[in-house]
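In full-length UniProt numbering, the protein residues as written are 1 to 155. Ideal placement from N, C-alpha and C gives every residue a C-beta, glycine not left out. Quick caveat: nothing in here was measured; it's all calculated off a predicted structure.
So, in structure tokens, the structure goes:
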């Protein structure tokens, strides 16, 4: 797991804990760069597979000291447990079902989109190839989910 926090100060908003579940290091780097370019200062915690995502959220070994995420950005295609399995596990667990989960994936097939919403995804976003478009997506996530929406209080 890695944690990323940029040094930019932002409005008076609270710093949020974001869990990024992504197995592609290039996409992780792209998201971190997009956050920096968009002047967003929230903490990003990165895990690269579905099993670690659940261990992180549930604060199980080796993530006992991990913060409860305010938001999860979840890829669909992951090793060990798929994004759908992680989503289903989180949304059917009364202790974690309130954590907003945004699917952030390269797949835009209608069936994947439908299934994600059936399982309780709060949003489904397709990763753009263009870095500028990726910055726009990151800004949209920040503006709505982290600056405008009232998120459930952490426990």
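_Across the region 74-86 and the region 14-28, are there enough close Cβ pairs to call them in contact, namely three or more that are closer than 8 Å?_
The region 74-86, when compared against the region 14-28, does touch it at the 8 Å Cβ threshold.
*With distances taken Cα to Cα, identify the nearest neighbour of residue 107 among 64, 118 and 74.*
Residue numbering aside, residue 107 sits at position 107 when the chain shown is read from its first letter. When only C-alpha atoms are compared, the closest one is 74.
*Answer yes or no: do residue 125 and residue 16 have a C-beta to C-beta separation smaller than 8 Å?*
Locating residue 125 in the chain shown gives position 125, counting from the first residue. Locating residue 16 in the chain shown gives position 16, counting from the first residue. Cβ atoms of residue 125 and residue 16: not closer than 8 Å.
*Could you check which residue in 90, 35, 68 and 27 has the C-alpha nearest to that of residue 214?*
With the chain running from 1 to 155 in the structure shown, residue 214 is simply not present.
*Closest to residue 70 by CA distance: which of 101, 31 and 28 is it?*
Here residue 70 corresponds to residue number 70 of the chain shown, with the count starting at 1. That would be 101, whose Cα lies nearest to the Cα of residue 70.
_I need the boundaries of the alpha helix (DSSP H) containing residue 34, first residue and last residue._
As a position in the chain shown, residue 34 is number 34, starting the count at 1. Element bounds for residue 34: 25-37.
*residue 138 beta carbon less than 8 Å from that of residue 176*: Given a span of 1 to 155 for the chain in the structure shown, any question on residue 176 remains unanswerable.
*asked:* Taking the alpha helix (DSSP H) that residue 117 belongs to, which residues open and close that run?
replied: In the chain shown, residue 117 corresponds to position 117, counting from 1. Per DSSP, residue 117 belongs to the alpha helix (DSSP H) from 110-118.
*Flag this pair as yes or no: are the beta carbons of residue 57 and residue 19 separated by less than 8 Å?*
As a position in the chain shown, residue 57 is number 57, starting the count at 1. As a position in the chain shown, residue 19 is number 19, starting the count at 1. Residue 19 sits close to residue 57, with the two beta carbons spaced by under 8 Å.
_Buried or exposed by the 16-neighbour rule on C-beta atoms within 10 Å, applied to residue 120_ = Taking the chain shown and counting its residues from 1, the one referred to as residue 120 is at position 120. It counts as exposed.
_Ignoring anything shorter than 3 residues, give me the beta strand (DSSP E) runs that lie fully in the region 60-118, in order along the chain._
Scanning the region 60-118 for uninterrupted beta strand (DSSP E) segments of 3 residues or longer gives 71-74 and 101-105, listed from N- to C-terminal end.
*Going by other Cβ atoms of all chains shown within 10 Å of its Cβ, with 16 needed for buried, is residue 133 buried or exposed?*
As a position in the chain shown, residue 133 is number 133, starting the count at 1. Burial call: exposed.
*asked:* Relative to the C-alpha of residue 88, which candidate in 39, 29 and 118 has its C-alpha closest?
replied: By 1-based counting over the chain shown, the position of residue 88 is 88. The residue with the shortest Cα to Cα distance from residue 88 is 118.
*With DSSP run on the structure shown, which of helix, strand or coil describes residue 22?*
For the purposes of this step, residue 22 is taken as the residue at position 22 of the chain shown. In this structure, residue 22 counts as coil in the three-state DSSP scheme.
*Quick one: is residue 129 buried, meaning 16 or more other Cβ sit within 10 Å of its Cβ, or exposed?*
Here residue 129 refers to the residue found at position 129 when the chain shown is read from its first residue. It is exposed - the Cβ of residue 129 has fewer than 16 other Cβ atoms within 10 Å.
*If you count every other CB in all the chains shown that lies within 10 Å of the CB of residue 48, and 16 or more means buried, which is it?*
Within the chain shown, the letter at position 48 stands for residue 48. The Cβ neighbour count for residue 48, taken over all protein chains shown within 10 Å, is at least 16; the residue is labelled buried.
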